[in-house]
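Asker: Take a look at this one; I'll ask things after.
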């Protein structure tokens with residue numbers, strides 16, 4: 001794949017596109033027949049790529065790597081190459097779904113549990129009545145299950161949202177995108193859980209203050225080990241030991 005020509009900022013070996021959300025949307029909707037693989041990367045993803053070469057190869061196959069996480073923004077400032085803005089994966093997904101509903105584009109929703117997957121699709125259809133649902137499937141399958149790829153491919157979706165969690169979702173996309181003739185592919189982590197109402201996003205004030213991570217930690221103390229990865233990431237950026 002050919003990476004977008006927008007300015008690239010290298011953070012710990014990962015090339016981030018320096019784009020606003022609107023610029024990204026404009027770019028990926030400009031060509032209806034093309035394919036795009038989007039990674040919304042936070043410090044946890046960068047640290048996983050640092051320690052897992054196969055995963056790094058998967059995400060660097062993408063067309064866009066976007067900053068999702070205040071830690072990435074801080075890192076870019078430490079490098080004196082500030083990224084223009086943080087683009088939360090959930091918000092980007094919802095913006096693309098809204099675009100799809102207004103422009104007769106179809107979406108496929110892959111991942112999460114069967115219950116969450118169905119609830120998310122139902123609520124999205126309620127919110128966007130014009131949305132074309134190409135198909136949906138839960139995320140409990142092996143990455144090499146060809147029947148899943150065939151099921152997605154036969155529906156010819158314009159957008160494929162993959163909620164398998166990191167690193168599985170990016171690996172699935174990287175492994176299979178070449179077998180599709182079109183489509184925007186994006187890993188969306190736990191976004192289906194938010195849409196389904198199983199998990200609450202932080203209140204707007206927490207998001208504006210870049211404290212969404214703290215809100216999620218308070219609500220889910222089990223995330224503590226994941227938060228430690230963020231602090232390790234920032235520490236390594238400060239001392240320049242990658």
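In the UniProt record's numbering, the protein residues as written are 1 to 242.
Beta carbons: idealized from backbone N, C-alpha and C, even for Gly.
#1: From this set, 90, 109 and 187, which residue's C-alpha is nearest residue 137's C-alpha?
#2: Are residue 163 and residue 111 touching if we call contact CB-CB under 8 Å?
#3: Using alpha carbons as the reference points, say which of 183, 206 and 166 lies closest to residue 107.
#4: Can you grab the Cα-Cα spacing for the pair residue 270 / residue 206, in whole Å?
#5: For residue 81, which residues from the same chain have a beta carbon less than 6 Å from its beta carbon, with the 5 sequence-adjacent residues on both sides left out?
#6: Any chance you could list the beta strand (DSSP E) runs of at least 3 consecutive residues sitting entirely within the region 19 to 90, in chain order?
#7: Using a 10 Å radius around the Cβ and a threshold of 16 neighbouring Cβ atoms, would you call residue 231 buried or exposed?
#8: When you compare the region 69 to 77 with the region 117 to 129, are there three or more beta-carbon pairs, one atom per stretch, that lie closer than 8 Å?
#9: Tell me the rounded alpha-carbon separation between residue 157 and residue 12.
#10: What number of angstroms, rounded off, separates the C-alpha of residue 240 from the C-alpha of residue 113?
#11: What's the gap between the Cα of residue 18 and the Cα of residue 71?
Answerer: Short version:
#1: As a first step, residue 137 is located in the chain shown; it is residue number 137 there, counting from the start. Nearest neighbour of residue 137 by Cα position, chosen from 90, 109 and 187, turns out to be 109.
#2: Here the question's residue 163 lines up with position 163 in the chain shown. Here the question's residue 111 lines up with position 111 in the chain shown. Yes; because the gap between Cβ atoms is below 8 Å, this pair is in contact.
#3: To locate residue 107, count along the chain shown from 1; it is residue 107. Nearest of 183, 206 and 166 to residue 107, Cα basis: 183.
#4: No information on residue 270 is available, as it lies outside the stretch 1 to 242 that the chain covers here.
#5: Translated into positions along the chain shown, residue 81 becomes position 81. If we look at residue 81 and ignore the five residues flanking it on each side, its Cβ neighbours are 9.
#6: 35 to 41 and 64 to 67
#7: On the chain shown, residue 231 is found 231 positions in, with the first residue counted as 1. Answer is exposed; the Cβ neighbour count stays below 16.
#8: no
#9: Locating residue 157 in the chain shown gives position 157, counting from the first residue. Locating residue 12 in the chain shown gives position 12, counting from the first residue. Straight-line Cα distance between these residues: approximately 34 Å.
#10: Stepping through the chain shown from its first residue, residue 240 is reached at position 240. Stepping through the chain shown from its first residue, residue 113 is reached at position 113. So the alpha carbons of these two residues sit roughly 40 Å apart.
#11: Here the question's residue 18 lines up with position 18 in the chain shown. Here the question's residue 71 lines up with position 71 in the chain shown. Computed Cα separation, rounded: 15 Å.
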